[in-house]
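Student: Below is the structure I would like to discuss, written out as structure tokens.
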Amino acid sequence: MTPLSPRLLILLCLALPLHGQEKGRSRGYRKDPDADKFGSCLQGPAGTPGRDGNPGANGIPGTPGIPGRDGLKGEKGECVSEVFEEPWKPNYKQCAWNSLNYGIDLGKIADCTFTKLRSESALRVLFTGSLRLKCKEACCQRWYFTFDGAECTGPLPVESIIYLNQGSPELNSTINIHRTSSVEGLCEGIKAGLVDVALWVGTCADYPRGDASTGWNSVSRIIIEELPK
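Using mature numbering (1 follows the signal peptide of the UniProt record, and there is no 0), the letters of the sequence shown correspond one by one to residues -20 to -1, 1 to 209.
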């Protein structure tokens, strides 16, 4: 082995300390993990968020869609009309007599005037009192109402009858019984205004007249009431 020259030995001695110093420096330095991303500069704190930008302009209108098909045909509706009327108020009247004792067989017995408020309403009439009929043979009498002198036609007359077949031959006398009875009904088609309501007595068709009596020894009354249809 050839011994080293003095100059080579001197250079080797100078290089060894420098090599140890570089090695020591490399051990104390830690590389930033983001160094490859941002180069050799460190990342600073995040900045203030920016403001929203101005709204963009409207886009181009889209093309119209395909028209829809007609639906199924609905059921036919009902025609309903609303009618607003004032609340119905009672309208009635009573005429009364004590011991009328009216013995006629044909004609007007009593009357009672009434103010009807509406043309489309109906009138309910009632007579209550004692009625009697007597005769030796078969007879019939009829008690009925008139309105302004005419019998009711909406729909039919308001009437009551008493029919007596015969008297009492074994006692040689006629039956004479007074009973509280009534004549009552509804009449439509009478115009609004003052109405003369009257009770009459007359004969029955095809039957002889008897001896009639109305309101004997008792109270008789006519009651009239207006009713909505």
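Backbone N, C-alpha and C define an ideal beta-carbon position, used for all residues, glycine too. Quick caveat: nothing in here was measured; it's all calculated off a predicted structure.
Mark ILE84 as exposed unless 16 or more other C-beta atoms lie within 10 angstroms of its C-beta, in which case mark it buried.
Tutor: exposed
Student: Helix, strand or coil, according to DSSP, for residue 215 in the structure here?
Tutor: The structure shown has nothing for residue 215, since the chain only spans -20 to 209.
Student: Buried or exposed for LYS69, please, with buried defined as at least 16 other CB atoms from any protein chain shown within 10 angstroms of its CB.
Tutor: With a threshold of 16 other beta carbon atoms within 10 Å, LYS69 falls short and is exposed.
Student: For GLY24, which of helix, strand or coil comes out of DSSP?
Tutor: coil
Student: Classify GLN23: buried if its beta carbon has 16 or more other beta carbons within 10 angstroms, exposed otherwise.
Tutor: Answer is exposed; the Cβ neighbour count stays below 16.
Student: On the three-pair Cβ rule with 8 Å, is the region 187 to 196 touching the region 71 to 84?
Tutor: Judged by Cβ distances under 8 Å, the region 187 to 196 makes contact with the region 71 to 84, as three or more pairs qualify.
Student: Verify whether the separation of the beta carbon atoms of ILE204 and LEU103 is less than 8 Å.
Tutor: For the 8 Å CB-CB criterion, ILE204 and LEU103 form a contact.
Student: Does GLU131 come out as helix, strand or coil in the three-state DSSP assignment?
Tutor: coil
Student: Would VAL163 be called buried (16 or more neighbouring beta carbons within 10 Å of its own) or exposed?
Tutor: buried
Student: Answer with buried or exposed for LYS3, where buried requires no fewer than 16 other C-beta atoms within 10 angstroms of its C-beta.
Tutor: With a pLDDT of 49 at LYS3, under the threshold of 50, the modelled position of that residue is not reliable, and no figure is offered here.
Student: Where ALA178 and VAL60 are concerned, what is the direct C-alpha to C-alpha distance, given to the nearest angstrom?
Tutor: 41 Å
Student: Do you know how far the Cα of GLU139 is from the Cα of GLY109?
Tutor: Going by the C-alpha atoms only, they are around 14 Å apart.
Student: Exposed or buried, LEU113, counting other C-beta atoms within 10 Å across all chains shown (16 or more means buried)?
Tutor: buried
Student: If you drop the 5 nearest sequence neighbours on each side, which residues of the same chain put their C-beta closer than 6 Å to that of ARG189?
Tutor: ASP85, THR183
Student: Quick one: complete beta strand (DSSP E) runs, 3+ long, within the region 154 to 207?
Tutor: 159 to 167, 173 to 183, 191 to 194, 199 to 207
Student: In its own chain, which residues sit with a C-beta less than 7 Å from the C-beta of ILE170, not counting the 5 before and 5 after it?
Tutor: Taken in chain order, the residues that qualify are LYS96, LEU103, PHE127.
Student: In chain order, which beta strand (DSSP E) runs of at least 3 residues are fully inside the region 87 to 118?
Tutor: 87 to 96, 102 to 114
Student: Please determine, among LEU106, ILE142, GLU117, the residue with the shortest C-alpha to C-alpha distance to CYS75.
Tutor: Looking at the Cα atoms, LEU106 is the closest of the given residues.
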